[in-house]
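All the letters of the sequence shown, read from the start, carry residue numbers 37 to 235 under my numbering.
Positions of the beta carbon are idealized from the N, C-alpha and C atoms, including for glycine.
In what follows, a single structure is set out as structure tokens and then discussed.
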Amino acid sequence: MIAKSASASDAKTQQDLLAQSISRVALHRDRAAFELLFRHFAPRVKTYCMRLGADASIAEEITQETMVSVWSNATQFDRRKANVSTWIFTIARNLSIDRFRKSRRPQFDPCDPAFVPDDAERPDAILEQGENEERLRDILQTLSTAERDVLMLSFYRHFSHGEIAKQLDVPLGTVKSRTRLAFAKIRSAIGTRDQANSK
37 MIAKSASASD
47 AKTQQDLLAQ
57 SISRVALHRD
67 RAAFELLFRH
77 FAPRVKTYCM
87 RLGADASIAE
97 EITQETMVSV
107 WSNATQFDRR
117 KANVSTWIFT
127 IARNLSIDRF
137 RKSRRPQFDP
147 CDPAFVPDDA
157 ERPDAILEQG
167 ENEERLRDIL
177 QTLSTAERDV
187 LMLSFYRHFS
197 HGEIAKQLDV
207 PLGTVKSRTR
217 LAFAKIRSAI
227 GTRDQANSK
């Protein structure tokens with residue numbers, strides 16, 4: 037009984053720490069808090085995506101997209117509705133479903149419910165999302181053209197690494213290395229901007 041109580045207490049403490057980290061990202065664009073979330077969730081999200089049926093390469097791409105979404109949309113996290121793990125894994129699940137739909141549907145379908153806007157979405161949430169997307173676009177402009185092309189095809193058009201390699205006529209290994217380098221630069225740029233804004 038004591039062991040179970042201690043385990044439950046540890047789990048609650050961890051959830052509290054993760055929730056605090058999300059809050060720091062949302063309110064202060066805290067790089068250290070984001071790094072904590074990234075280290076904790078990235079490997080777990082990748083494993084989760086693979087259990088949903090994605091291969092290792094696609095799972096890695098979805099994981100990267102998930103963590104970028106966590107950074108961009110941290111203000112939308114509501115601890116009263118879900119814990120951090122549930123929120124992040126829901127993002128990963130939705131991105132996985134989007135990938136599956138794309139692989140099954142060769143052309144863009146404007147009638148797909150995934151593209152229908154939510155009428156109940158709050159105006160302030162839309163504004164926050166727009167500001168976050170603008171911030172991310174600014175960061176993308178600091179990347180090389182080659183790195184930016186890879187990320188745009190991956191994040192915004194949901195191409196797999198193999199599809200990107202074919203589209204850009206480069207080796208698959210080149211696509212993977214550019215993706216890793218670009219994502220590392222984004223994380224570094226996030227930290228640099230946060231430090232500048234805190235001064």
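Could you tell me the distance, in whole angstroms, from the CA atom of Ile222 to the CA atom of Thr102?
14 Å
Let me know the secondary structure DSSP gives Leu88 once reduced to three states.
coil
Collapsed DSSP secondary structure at Ala57 in the structure displayed:
Per the sequence presented here, residue 57 reads as Ser, with Ala not at that position. Helix, per DSSP.
Between the C-alpha atoms of Asp174 and Arg184, what's the straight-line distance to the nearest angstrom?
11 Å
Just checking my contact of His197 with Val206 at CB under 8 Å: how many whole Å lie between their CB atoms?
His197 to Val206, Cβ: 11 Å. No contact.
Span of the alpha helix (DSSP H) holding Asp185?
181 to 187
Within a Cβ cutoff of 6 Å, which residues of the same chain sit near Phe77, ignoring the five residues on either side of it in sequence?
Ile124
Could you have a look at Phe195 and say whether DSSP puts it in helix, strand or coil?
coil
Taking only the alpha-carbon atoms, compute the straight-line gap between Leu106 and Gly209 and give it to the nearest angstrom.
Reading off the sequence, residue 106 comes out as Val, not Leu. Their backbone Cα atoms lie some 27 Å apart in a straight line.
For Ile94 and Gln51, what's the separation of their Cα atoms in angstroms?
28 Å
Per-residue burial, Arg67 [other beta carbons within 10 Å of its own, 16 or more giving buried]
buried
May I ask you to report which of helix, strand or coil DSSP gives Val106?
helix
What is the DSSP secondary structure of Asn130, reduced to helix, strand or coil?
helix
Give me the Cα-Cα distance between Asn130 and Leu179, rounded to the nearest whole angstrom.
27 Å
Do you know how far the Cα of His194 is from the Cα of Ser132?
10 Å
Compute the Euclidean distance between the alpha carbons of Phe219 and Arg116, then round it to the nearest angstrom.
31 Å
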